[in-house]
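Some notes on the structure that comes next.
Rendered as structure tokens:
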């Protein structure tokens, strides 16, 4: 185990082991304090960054923060590391890597070329030396394109997940919220509903309802019922119309076990989804969510800080070629991210690390009622992520998720952001919006009155009109 | 969509709202939400935050539990800010807790959790209704606990020599319901019990949730079964009634 030290304010600070060094270098957050691994003072935090800046990137290939023998996520990361892609970086320290990422030579193609050589721990480490401005600037350079029925991640585009949750999984209520989202130009990344229960028949009902709606209106998008991966496997075996397999994943084998998954199950699910031949030629059929704090919550964090573990969760995602990945950044609660400042920082870190690793990285810009955060903080994070080129954002009717009891973005928020930054939906979806009279010839989205909308029939099927 | 008046035409959103409480068909101010909707959301958030931060009125709660004897306890979290950051402290008893050793079949812990409002409003009714269904049971003193998480009940129950502990606790407030109460029942409570060793009743409130009376009936049923079968948790849930005793863990 390595040991490093640095002087801060005349005092020498020593850090034994990479995990200790990374945790101490992390921006302050409640989850690392709860785990007892955060720097005890601001000076020690900066001392850790000084030491981290001089650390060779290659150190992450010789010392694992979670033991190789004990953890299949570590084995996945090290066994699939691309040494050739890493070669140009192999002589750099973490600090020099930060400078290179910001350099003009490190353009989109250059960043894409090194992605397979960057491990999650390297991404996490360098992010700890970057200000929010740096996280935005580098992420913006790295476009990741993924495609199913529409093409996501193109320059100048911002997609959305339409999240039409209902506390009783009422298909009519879910259809009503879906209609509202479509009229507001949402839903190109996915129309994805979190079911309130673990029931297979309910999931099947919702899948068939959403897929039927998509097919009837010829909407170039994907649908998903975000049920457990083992449920998705069972549903596919029954012939259910599964576009995307969803799963929450974490950065250690133990935390994933807490979610009831392992890498073999994810592989099985992906193979099953591919065999349905619903996806495009790129075979992107997976949708993952991650969130800082999940490993601590599962008591499987191995003394590693929550942001490094989050990057490792993204390493899991990368192995399965996802269509969509998002952080649920403000959802996990104030014991992990206490306030708006911590949520905003973590959102930018997660987005940056995901992009650096090559993921189609989106975000659920959100907060719970016991966090010190509100809609103003979300306006900030949403705008910063929009500038940073986020793949997609989650949105719900009126910012109020009535099933999960937290606040995400509203359809309106994304409308405003798209207008503000000149960001447009996925091109196939945009063309559909124009056909439906929701977007004008100039691409501007102008939600039509429902009564005169071509989607009124959908409302009548949902029990209205 | 400009909100052009359409006097005679029925609003198709009105019927859709019958299918969901979601905030649909809100209209527009430019790209943004109309002001009335912005303020409505702010009000709901304010009520939820006030519920998180409001202190429990322990004297009023003790009065509402009369004539049952009441004890007071608090967790190791000294204030609300610490409580929110440090769930581990909210699960530990403050070292000065005065809880006499004894023996009882069940002890009730009334805990503020994330909504003191919920406990204040719904716990007394649930408590009295439950006692009425447990004739002949040895009931321990009711313990009012502040800055408390669910697992604080393990330490309280152990100290009181309770075979079962029922923790009545305020759930994390949502925008539509800031005063939802949850109940967690644990057999042979002691620190270290896992969440899978508890049974939960959630969503006890007056806005379409479980009523305190119905919750008391379910809780009394669970208590009798727990003592008969000497367990709580997933092993007990399997035979629970189809109304469903599952629920989100609140703390």
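Chains as they are written, first to last, in the working numbering: chain R, 1 to 465; chain U, 466 to 716.
Glycine included, every Cβ here is placed at the ideal spot set by N, Cα and C.
In the same chain as residue 152 (chain R), and ignoring 5 residues on each side of it, the C-beta atoms closer than 8 angstroms to its own belong to 145, 146, 159, 188, 189, 323, 324, 360, 391, 392, 426, in chain order. 8 angstroms or more divides the Cβ of residue 370 (chain R) from the Cβ of residue 584 (chain U). Around the CB of residue 63 (chain R), fewer than 16 other CB atoms lie within 10 Å, so the residue is classed as exposed. Burial is judged here by how many other beta carbons sit within 10 angstroms of a residue's own beta carbon; residue 209 (chain R) has at least 16 and is buried. The Cβ atoms of residue 375 (chain R) and residue 399 (chain R) sit closer than 8 angstroms to each other. Across the set R:262, R:41, R:253, the C-alpha of R:253 shows the shortest separation from the C-alpha of residue 69 (chain R). Residue 320 (chain R) is not a Cβ neighbour of residue 235 (chain R), given a cutoff of 8 angstroms. From the listed residues R:167, R:180, R:179, the smallest Cα separation to residue 639 (chain U) is found for R:167. Residue 368 (chain R) reaches chain U at 637, counting residues in chain order whose Cβ is nearer than 8 angstroms. Contact check for residue 25 (chain R) against residue 52 (chain R) passes: the beta carbons are separated by less than 8 angstroms. If one requires a minimum length of 4 residues, the alpha helix (DSSP H) runs lying completely within the segment 517-553 of chain U are 523-530, 545-550, in chain order. Contacts with chain U at 8 angstroms (Cβ-Cβ) do not include residue 289 (chain R). A direct Cα-Cα distance of roughly 20 angstroms separates residue 435 (chain R) from residue 148 (chain R). Taking 8 angstroms as the cut-off, the beta carbon of residue 138 (chain R) is found closer than this to the beta carbon of residue 102 (chain R). Residue burial annotation: residue 277 (chain R) is exposed, with fewer than 16 other C-beta atoms found within 10 angstroms of its C-beta. Comparing C-alpha distances from residue 76 (chain R) to each of R:449, R:336, R:203, R:314 shows the shortest one belongs to R:314. A buried status is given to residue 382 (chain R), since no fewer than 16 other beta-carbon atoms sit within 10 Å of its beta-carbon. Shown here, residue 324 (chain R) sits in a strand according to DSSP, grouped into three states.
Of all residues in the segment 633-659 of chain U, the ones placed with a Cβ closer than 7 angstroms to any Cβ belonging to chain R are 637, 638, 639, 640, 641, in chain order. Nearest to residue 318 (chain R) by alpha-carbon distance, out of R:206, R:38, R:10, R:81, is R:81. Shown here for residue 663 (chain U): same chain residues with a beta carbon closer than 7 angstroms to its own, the five before and five after excluded, namely 649, 650, 651, 697, 698 in chain order. For residue 289 (chain R), the pairing in a beta bridge is given by DSSP as R:248, R:326.
Taking 8 angstroms as the cut-off, the Cβ atoms of residue 633 (chain U) and residue 591 (chain U) count as close. The C-alpha of residue 49 (chain R) lies about 50 angstroms from the C-alpha of residue 214 (chain R).
A direct Cα-Cα distance of roughly 8 angstroms separates residue 691 (chain U) from residue 629 (chain U). For residue 543 (chain U), no CB of chain R lies under 8 angstroms from its own CB, so it is not counted at the interface with that chain.
Between residue 549 (chain U) and residue 30 (chain R), the alpha-carbon positions lie close to 10 angstroms from each other.
Assignment of residue 4 (chain R) by DSSP, reduced to helix, strand and coil, places it in the strand class. Distance from the Cα of residue 524 (chain U) is smallest, within the candidate group U:537, U:597, U:497, U:568, for U:537.
Cβ atoms of residue 625 (chain U) and residue 665 (chain U) stay farther apart than 8 angstroms, at about 21 angstroms.
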